[in-house]
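Colleague: Protein chains in written order, with numbering that gives the first Met the number 0: chain H, 0 to 446; chain U, 0 to 313; chain P, 0 to 728. I have a structure I would like to understand better, so I am pasting it below and will then ask my questions one at a time.
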Amino acid sequence: MALTGLEVFKLLPNTNCRECGFATCLAFAMRLAAKKIEAEECPYLSEEAKEILGASAVPPIRLVEIKSGDKSVKIGEELVMFRHEKKFFHQTAFSVCIDDSEDEREITEKLEKIKKINFERAGEILKLDLIAVKDTSGDKQKFCKTINLIKNFIDLPLILFSENPEIVTVGLEEIPDDKPLIYSANNENWEKMTELAKKYNASLAITAEDGLKGLSELSERIKNKGFENIVLNPKCRSLTEILTNYTLIRRLSLENNYRNLGYPIILYLENEDNFINSAVGICKYASIVVFNDVNDWEYLPLLTLRQNIFSDPQKPLQVEPGIYKVGEPDESSPVFVTTNFSLTYFIVSTEIEGAGFSGHLIITDAEGLSVLSAWSAGKFSGEIVGKFVINSGIENNISHRNIIIPGYVAVISGELEDSLPGWNVYVGPQEASDIPSYLKEVWSKEN
Amino acid sequence: MEIEIPIKKWSGKIRAVTIGTEKNGITIGGEDTLPFHHFEGSIPNKPIIAFEVQDIYPSDWLDVVKEPYGEYLKNPIEWAKAAVVKYNADMVCLNLLSTHPDRENRSADEAAELVKNIISEIDVPLIIKGPGSSEKQNQVLNKCGEAGAGKRCIIASAVEDNYKTITAACQAYGHIVVAETPIDVNLAKQLNILISDMNFPPGRIIIDPLTGGLGYGLEYTYSVMERIRLQALGGDAMLQMPFICFVGQEVWRVKEVKVDESVEPLWGDMKKRGICWEAATAITLLLSGADILVMRHPEAINIVRKSVGRLMEK
Amino acid sequence: MSKIIASAAIRGAHKIFSRAETLLKETVKKNGESREVKFPGTAYYLPVVYALTGKKVERLCDMYEPLNQAKSLLPKIPSENLWLPYLGDALDAGIATLIAEEIIEALKFVNGNEPINGIWLGPTTDAVLREQGIKLVDGRMPGFAACVGAPKTKEEAVKLTRDLQERNILVFMSSHTNGVSMAEQLAEEGIEMNWDTFLVPYGKDTSATVHALGFAVRAAMTFGGITPNGLKEAREILLYNKNRVHAFVLALGEVDDEKYATAAGAINFGFPVIADTDIPQILPTGICTYEHVVSNIPYNEMPSKAIEVRGLKIKITKIPIPVRCGPAFEGERVRKENLAVEFGGKYTTSFEYLISKGLDEVEDGKIEVVGPEIDDVEEKARLPLAIIIEIAGRKMQKDFESILERHIHTFLSQAMGVMHLGQRDINWIRIGKEAKNAGLKFKHLGILLRAKLLSEFPAIVDKVQVTLYTNEEDVKRLYPAAKSAYEERDKRMGELTDESVDTFYSCQLCQSYAPNHVCVITPERLGLCGAYNWIDGKAAYEISPHGANQPIKKGECLDSVKGKWKGVNDFVYERSNNTLPSFSAYSMMEDPMTSCGCFECIAGVLPGTKGIMIVDREYQEMTPSGMTFFNLAEFVGGGQQTPGFIGIGILYIVSKKFISADGGLKRVVWMTKNIKERLKDKLAERAKEIGEEDLLDKIADESVTTELEPLIEFLNNVNHPALKMEELF
Ligand code: SF4
Ligand code: SF4
């Protein structure tokens, strides 16, 4: 059972010494109970407290970190089966696989692409997280060369993709300061691999043939060697099996507290169903997806899907407040204003463009709330919107002084006029889907 | 050490709904477990994909989506036939867009005539989708319901404001009603209760949770569907209805499928990107419980259909 | 049931039955048993016979069985000295009558005296039924009136017809009074009668009335999906009609035995009878929702009486005022330059007062302006104003007055060119020049208010009467009553206690993002967003019984101090998707209420003080807990129980039940200035009540400190009462 904030608090010294960085022990306790920080950050815990906290704080799915320099990818620590219960914690890490048998030019080309994948969406940067180096050549030198090639080109944490401990060894020696993921240990090589992972501070993916049972046995053996930075690679023959096994692993670790499978899962895709399988993986519990090959056009949808699934259901995605151009607006184009709830922004801009219009879309800072919620929370009042509009500098870009507000906040129109002297306030439709007909029927006739 | 596989048995079960006549009927729903959880429950019917067909030439569709249908688009009956014959559609969704007052404002009688003709020309079950604008929606769906009397079509949609009219029409002409609510468990339940209260059998209701496309609210739909499903399987009879998701219309208007790779070179081939966008949206919805997906691009449909096949393997 | 009516109905039933029997015999003789018989354009055979008996009449010989069933239903004619015939007997007689009447009407088709003849339309076809019936079921048409007989004069007939049409009520006509039929009266006046004008003459015989019921039963079969098969289904069909087909009978002129018998048939459907003559009344309630028979009603009151007795809901689709009206105009200002007239503000006495009254005391649709109208005063005039709205409704409750009254603001603001601010006796209304030029009168404000109240609150509002007083004298005269009513309401709110009710209300609106959150709203604890109190919850439930606010029966009290009840626990468990087995209303330490995220304030324990702090949403700085409002919100929100912390509506702080199990208001050691300011008087009052008059001075705020140690020092200095209390945890 997880401890409540107050139960955790009772285990703390209550000296409010602030060494943990928080003003009070209570503040520290609340964060600890919410599993936002580690118990160790308070230096004054009694042994007894540590023990109790330790037991309650061990996350049911272990945190695994893959690192290179200051680039770090964290996976695991998930607490729920369904994202409506609580945010899915660490998003699925995307990795592209580089084959060491390919020639340098090919590899460089691939790397160039990987480097370029960088989309900004709803205030977040969407990009790839890891690179897997695969030992297809079977040649240690080539493997090392490829690693170096990658490292010189791009600074992403690596997955060393080999079942050969010798190759893995040279790979690890190549990047002694990193914490890569070794992919993977199996029933034959696990002892050596475990030693290597321990020695080089790496984490270790494990593969077993015999379904969940095989995985569980292997992870137990490795754990008994004192190593726990494990990532599971359940071998699945079909899409149904992926869904089944991944669901069961998650369920066993969360609901049955089954420790042998309390690790993040890696999904390696080599066949032609990459796209669909990775979509399933994103939704259903894969912590890492490794693509052998991805088509250019698949990146954006997959990264967007990941952003959707891993967004916080209680904290909506936000876009940066400011003036956005929809289409190619000029000084006579209409000015719209709405909140910075990303969905609102996306839908409004889509509708304006869909109607064949261009416009200036002013996005205010409403903490990501939708229009009505923002208004009732006092974050979208006439005064606030007015101030924002003036400070945005939009007046320099346009020749008119007309602004369209969302229909749901018609109530602010008077107040907005007061705080925007010289402006005309137009009340637009309530639903974004009516924007096209509003622009055609009402706006165009009056302007 | 043997692992004890934790199997979940639910007390609730999704109602099975048969669409179409005795001859061409398709059954959806009937599962007593979460989507594709074959290991712990039974899923007697696979999810179905319906091809969207509009009653008017879709001038606002992207060339990418228009291209596979070519000349057929000029005639809705030919279009529907092409969907069935050329692309093996299991179901067709006739979108009566042109009846919308802001569009061509075609009359309900015209729409009804078309429904009649389509029914006589194709032999797969039909979804009849009204223009959405409230007063017109009532007229159109009422007339079209009459035109399709006895064919057990799906009529989309009843919302809180008009459910009485649409439900009465579905009752009178023997159809299945889509209950549409804006992404909310309790509202969905409330509308189902209200519709059932009119003596309408709950076994002829399908839930439209309102679909957000990928990047445009998909996660909200995804989670609300999961919540509805969990509550339904937990025993809430008023949520034990199958889902329908209108995917195509949400997907094919977003910026990410419209912008050419010459403008955004990193986004990759626009055509293929759009297909992926539709397929990804559909797959995600399948994973949260969709029973009917209404889609547009034959290639995207093909991808999803194959995936359904793979997900239905036990 | 009145003996006179029952006896008359039974007598009538016998007469009609034997007529049917004879007619059938004769017809069979002439045409043979296997002669086909049917109504045109229907797939429901003889619909009433089919619905009530499950028998499909296709040939003459098929009529024997239903007729026999009718016979078996016929009660003996009560003798003069039996003084209490059963209601059931009369009702059975009514059913027998309808079966016999439909057979009579059907035989007319065989015998060549076609019911479809001249102005008479005869039985309705299925096609028409589907088109028109759907409007009855979905409420576009509020109901139908089966007019039996005829009013005294043609003029009265026309007037009555217009009144019914105006309300969108479908008018069926049949039978006659002393040889005069209503349809003929209308025809003579040149009124067009057909399905397009919603005026449908069925036939001149009383038996033609059965077509109105044939319409009703087919509505149940078509839209209610009921297939007749015998008694059980017959009952379902009758019940469907009672619940969904809002029809009534207008008995015009003298009521003879046969009409009584037919009326008894209609009562089985839940259709009440409104008569213009002085026949015995049958008041509530058994079969019909409200009264069964109401009599002696003048023609001009008939429609509104019928609406009241049958519970019709009239939809107002277009509000007849000369300016546009809609949410888009809600926030619009009327500025000085544009001003035509204004009321209130700081200039004149102006108030709005909504009061509930008995159904008999309110004349629906009566809108009056007492005093000058808009055209009587000069531009920019400032007038006093009293808006008095009288409401009646079967489900209206005194408690709902304030809720409806609060909506005056929105309703009036939605008219283009009308600005409304404030409420009660601090309102401020302006009408702009453009609105005046468009023809807006004061009276239109009343029309608008009535229309809005009826259409937004159909569940609780049946009748609305509005009077606008614009002269000083009346306004002054009426004000004291309104003022004391406001005070009364506030007092009642203050006096409502959790103990005085057996039902709380839930709110689950916020489940859309906090899936397991349930607000339990009690008289002494409002929703944590501050927007819903117990009365709001109660009204919302009446208005929308399947909505977000559901009643929670308290059930057995498990702990009166902590505020735990079995019923509440069960409810919260179920509605939290089986995650919260226990709930305490009065404790923040043990199973406290969950918080969604919209709380106005957060209350949280402060270790080392034995007390708690309260911070409001506006305050963004640090608090002595070491966390800001937003830090706290992250831990408290999301729909989980967080012992030691609760999200609350600000008014809960001054409730007697404020964490009463944990020690109540005395526990508060720190509170933001905003809260202190907003609750000033009420806090002082509460402090006094608990015998800590200077409590407010002992509660620190951000001007004293935002840190824990200095706070503890402060508390010691002022000797805060919490220090003497037990530890909280
Ligand atoms: S470091 Fe430990 S003792 Fe010091 S304030 Fe933080 S939690 Fe309290
Ligand atoms: S916070 Fe307000 S709106 Fe939300 S559930 Fe509670 S009472 Fe309802």
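All residues carry an ideal CB built from backbone N, CA and C; glycine is no exception. The structure presented is a predicted model; accordingly, all values stated were derived computationally and were not measured.
1. Kindly indicate if chain U contains any beta-carbon less than 7 Å away from that of H:Thr-343.
2. Which runs of the beta strand (DSSP E) fall wholly inside the segment 508-570 of chain P and span at least 3 residues, in chain order?
3. Return the CA-CA distance between H:Glu-84 and H:Leu-78, expressed in angstroms with no decimal places.
4. Beta-carbon of H:Trp-296 versus every beta-carbon of chain U: anything under 7 Å?
5. Can you find a C-beta in chain U that's less than 7 Å from the C-beta of H:Arg-250?
6. Give a yes or no on whether the C-beta atoms belonging to P:Phe-582 and P:Ile-647 are separated by under 7 Å.
7. Buried or exposed for H:Gly-280, going by 16 or more other Cβ atoms inside 10 Å?
8. Can you tell me whether P:His-738 is helix, strand or coil according to DSSP?
9. Considering only heavy atoms of ligand 1, does any lie closer than 6 Å to the CB of H:Pro-12?
10. What residue range does the alpha helix (DSSP H) around H:Thr-239 cover?
11. Hey, which unbroken runs of the alpha helix (DSSP H) at 4 residues or more fall wholly within the segment 182-257 of chain P?
12. Are there 16 or more other CB atoms within 10 angstroms of the CB of P:Leu-230, so buried, or fewer, so exposed?
13. Using a beta-carbon distance cut-off of less than 8 Å, what residues from the segment 266-281 of chain H approach chain U?
14. Just checking H:Arg-17 against ligand 3 - is the residue's beta carbon closer than 6 Å to any of the ligand's heavy atoms?
15. Which same chain residues, not among the five before or five after P:Leu-710, have their C-beta less than 8 Å away from its C-beta?
16. Following a CB-centred definition, is P:Leu-579 positioned closer than 6 Å to any heavy atom of ligand 2?
17. Does H:His-359 get closer than 7 Å to chain U when you measure Cβ to Cβ?
18. State the Cα-Cα distance for the pair U:Lys-45 and U:Ser-222, rounded to the nearest angstrom.
19. Do P:Ala-263 and P:Val-89 have their beta-carbon atoms positioned less than 7 Å apart in this structure?
20. If we define contact as Cβ-Cβ less than 7 Å, is P:Arg-139 a contact residue for chain B?
21. Which residues, taken in chain order from the segment 398-417 of chain P, show a beta carbon closer than 7 Å to some beta carbon of chain H?
22. Ignoring anything shorter than 4 residues or poking outside the segment 74-144 of chain P, list the alpha helix (DSSP H) runs there in chain order.
23. Quick one: grab the DSSP three-state call for U:Leu-61.
24. According to DSSP, is H:Pro-233 part of a helix, a strand, or is it coil?
25. List in chain order: all unbroken beta strand (DSSP E) runs of 3+ residues lying wholly within the segment 690-722 of chain P.
26. On the CB-based measure, 16 or more other CB atoms within 10 Å of its CB, does P:Phe-629 come out buried or exposed?
27. Looking only at C-alpha atoms, which of P:Ile-320, P:Lys-397, P:Glu-367 sits nearest to P:Leu-411?
28. Okay, do the segment 144-159 of chain P and the segment 155-165 of chain U touch, 3+ Cβ pairs below 8 Å being the bar?
29. Can you say whether P:Thr-226 is buried or exposed, counting buried as having 16 or more other CB atoms within 10 angstroms of its CB?
30. Output the boundary residues of the alpha helix (DSSP H) element that contains P:Ser-412.
31. Roughly how many whole angstroms lie between the Cα atoms of P:Glu-487 and P:Gly-536?
32. Determine the DSSP secondary structure at P:Glu-341, reduced to helix, strand or coil.
33. Where do the ends of the beta strand (DSSP E) carrying P:His-419 lie?
34. Name the chain H residues that come within less than 7 Å of U:Glu-225, Cβ to Cβ?
35. Verify the CB distance criterion: does H:Gly-170 have a CB-CB separation below 7 Å to chain U?
36. Can you list, in chain order, the residues of its chain whose CB lies under 6 Å from that of U:Glu-39, leaving out five sequence neighbours each side?
Modeller: This is what the structure gives:
1. Output row for H:Thr-343: interface = no.
2. The segment 508-570 of chain P contains these whole beta strand (DSSP E) runs: 518-520, 550-552, 556-558.
3. Computed Cα separation, rounded: 9 Å.
4. Yes, contact with chain U.
5. Answer yes: the Cβ-Cβ gap between H:Arg-250 and chain U drops below 7 Å somewhere.
6. Not in contact: P:Phe-582 and P:Ile-647 (Cβ atoms no closer than 7 Å).
7. H:Gly-280 comes out buried.
8. Chain P is shown from 0 up to 728; residue 738 of chain P falls before or after that span and cannot be answered.
9. Yes, Cβ of H:Pro-12 sits closer than 6 Å to a heavy atom of ligand 1.
10. That run of the alpha helix (DSSP H) goes 238-254.
11. Runs found: 209-222, 230-243.
12. Answer is exposed; the Cβ neighbour count stays below 16.
13. Listed by position, the residues of the segment 266-281 of chain H near chain U (Cβ gap below 8 Å) are Asp-272, Phe-274, Ile-275, Ala-278, Val-279.
14. Only ligand 1 and ligand 2 can be found as ligands here, which leaves ligand 3 out of the picture.
15. Taken in chain order, the residues that qualify are Leu-605, Thr-608, Pro-623, Val-668, Trp-669, Ala-699, Val-703, Thr-704.
16. Taken from the Cβ of P:Leu-579, every heavy atom of ligand 2 lies 6 Å or farther away.
17. Using a CB distance cut-off of 7 Å, H:His-359 does not count as an interface residue toward chain U.
18. Roughly 21 Å between the two C-alpha positions.
19. The question names Val, but residue 89 of chain P in the sequence shown is Ala. In this structure, P:Ala-263 lies closer than 7 Å to P:Ala-89 by Cβ.
20. The structure shown contains no chain B; its protein chains are H, U and P.
21. Within the segment 398-417 of chain P, no residue has a Cβ that lies closer than 7 Å to any Cβ of chain H.
22. Within the segment 74-144 of chain P, complete alpha helix (DSSP H) segments of at least 4 residues are found at 86-110, 125-137, given in chain order.
23. Correct three-state label for U:Leu-61: coil.
24. H:Pro-233 falls in the strand class under three-state DSSP.
25. Within the segment 690-722 of chain P, no complete beta strand (DSSP E) run reaches 3 residues.
26. Exposed is the call here.
27. That would be P:Ile-320, whose Cα lies nearest to the Cα of P:Leu-411.
28. By the Cβ rule, the segment 144-159 of chain P does not count as touching the segment 155-165 of chain U, because fewer than three pairs are nearer than 8 Å.
29. P:Thr-226 is classed as exposed because its beta carbon has fewer than 16 other beta carbons within 10 Å across all chains shown.
30. Going by DSSP, P:Ser-412 is part of the alpha helix (DSSP H) stretching over 407-412.
31. Their backbone Cα atoms lie some 20 Å apart in a straight line.
32. Three-state DSSP puts P:Glu-341 in a strand.
33. Run containing P:His-419: 417-420, per the beta strand (DSSP E) assignment.
34. The contacting residues are Phe-81, His-83.
35. For H:Gly-170, not one C-beta of chain U is nearer than 7 Å to its own C-beta.
36. Within the same chain, U:Glu-39 has close Cβ partners Ile-6, Lys-7, Thr-32.
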